[in-house]
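Some notes on the structure that comes next.
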């Protein structure tokens with residue numbers, strides 16, 4: 321038999337391309353290593369270091385390592401003369417070693433044909449496997465044509481522009497609402513079997529249990545066993561804050577605990593369960609995401625069209 325009452329006063333990403341689901345590469349976590357490219361602290365040396373870190377991350381899976389970088393990084397050309405390069409990588413495939421020179425240009429103008437010509441000559445004289453020029457502002461048309469003829473790869477690594485966001489959703493604002501599960505509070509009236517079986521039904525009293533309701537098993541005569549939580553949900557399926565109800569059981573109904581036969585109430589005869597429902601207040605969190613704030617740099621290869629977003633967290637995400 322069920323009785324209940326309720327208190328009515330209680331209130332009831334960039335560019336038209338799409339991002340892959342995961343970052344393809346990750347720059348080693350070095351907080352504060354790369355300053356804001358829009359700030360005065362970011363200079364040509366910062367640019368070289370960023371390029372070095374990006375190529376190190378991109379080639380890590382293929383065994384690419386940084387041989388040297390910076391002012392002291394040199395290669396030997398004809399006659400053993402040293403020539404400075406900004407970044408030099410190496411990796412081994414089988415018995416053959418491949419070395420790639422990277423020229424980094426944090427210039428406020430496009431790279432012209434003269435630099436491409438000089439750099440291509442260095443790559444050739446030093447017998448390097450490959451040459452790459454990375455530029456902030458891009459390349460002139462003659463420089464691009466010469467690079468293709470000489471087999472020099474051209475890459476733009478630059479700040480994001482407004483044009484990069486055309487056709488994309490850049491600002492998301494919303495609210496996350498977490499609704500905690502309802503709380504069921506139980507009070508049980510029961511009798512514990514004693515030495516004298518005649519006294520089993522005269523010791524009834526309400527008891528509050530700390531045991532989880534899904535661990536309390538109720539067995540009525542001739543019926544299948546159920547947990548106390550199942551009984552409560554079946555008796556009052558509508559979860560309403562402040563609701564209170566009682567479940568009466570037929571004579572001979574027993575209470576047991578899953579995995580706890582030593583519990584003092586194990587095997588007691590159960591007469592009534594009183595249940596109170598409390599619905600916690602939902603937890604609300606406002607969120608606001610501006611995609612542009614998370615993009616540190618944009619990198620694009622002019623040779624094969626591959627494009628990457630470099631995030632402020634050091635993630636390198638390839639766009640498809």
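Numbering (the working numbering), first residue to last: 321 to 640. All C-beta atoms in this analysis are idealised placements derived from N, C-alpha and C, irrespective of residue type, glycine included. No experiment lies behind these values; they were computed from the predicted model shown.
Q: Please confirm whether residue 374 and residue 495 have their CB atoms less than 8 angstroms apart.
A: no
**Q.** Nonlocal neighbours in the same chain, by C-beta distance under 6 angstroms from residue 458, ignoring five residues either side
**A.** 430, 476
Q) When the distance is taken between beta carbons, is residue 440 closer than 8 angstroms to residue 397? A) no
Q) Distance, Cα to Cα, residue 357 vs residue 603? A) 38 angstroms
Q) Should residue 711 and residue 406 be called a contact, given that it needs their Cβ atoms to be closer than 8 angstroms? A) The chain is shown only over 321 to 640; residue 711 falls outside these bounds and no answer can be derived.
(Q) I need the straight-line Cα distance from residue 500 to residue 542, nearest angstrom please. (A) 36 angstroms
Q | Selection from 555, 615, 453, 460 that minimises the alpha carbon distance to residue 433 | A | 460
(Q) Can you confirm whether the region 465 to 475 touches the region 531 to 540 when touching is taken to mean that 3 or more C-beta pairs between the two stretches lie within less than 8 angstroms? (A) The answer is no - the region 465 to 475 does not touch the region 531 to 540, with fewer than three Cβ pairs under 8 angstroms.
Q) For residue 480, is the classification buried or exposed, using 16 other Cβ atoms within 10 angstroms of its Cβ as the cut-off for buried? A) buried
**Q.** Coarse secondary structure for residue 699, derived from DSSP in three states
**A.** Because the chain spans 321 through 640 in this model, residue 699 falls outside it and cannot be assessed.
Q. Over what stretch of residues does the beta strand (DSSP E) that includes residue 421 continue unbroken?
A. 416 to 425
Q: Assign residue 592 to one of three DSSP states: helix, strand, or coil.
A: Under the three-state reduction of DSSP, residue 592 is assigned to strand.
Q. In the structure shown, what three-state DSSP assignment does residue 644 receive?
A. Residue 644 cannot be examined here, being either before or after the span of the chain that is shown, 321 to 640.
Q: Starting from residue 443, follow the alpha helix (DSSP H) in both directions and report where the run begins and ends.
A: Note, residue 443: alpha helix (DSSP H), 433 to 445.
Q) Where does the unbroken beta strand (DSSP E) through residue 564 begin, and where does it stop? A) 564 to 568
Q: Would you mind sorting residue 415 into buried or exposed? The rule is 16 or more other CB atoms within 10 Å of its CB.
A: By the 10 Å Cβ count, residue 415 comes out exposed.
Q.
Could you check if residue 605 belongs to the surroundings of the ligand GTP, using beta carbon to heavy atom distance under 7 angstroms?
A. The ligand GTP is absent from the structure shown, which contains no ligands of any kind.
Q.
Tell me which residues share the same chain as residue 322 and place their Cβ nearer than 8 angstroms to its Cβ, disregarding the 5 neighbours each side in the sequence.
A. Any answer about residue 322 is weak, because its pLDDT of 41 lies below 50 and its placement is not dependable; what the coordinates show is given next. Cβ neighbours of residue 322 beyond the five flanking positions: 555, 556, 565, 566, 567, 568.
(Q) Per the DSSP calculation, residue 493 is bridged to which residue(s)? (A) 608
Q) Closest to residue 590 by CA distance: which of 469, 634, 574 is it? A) When only C-alpha atoms are compared, the closest one is 574.
Q. How is the beta strand (DSSP E) around residue 507 delimited, first residue to last?
A. Under the DSSP assignment, residue 507 falls in the beta strand (DSSP E) whose first and last residues are 503 to 511.
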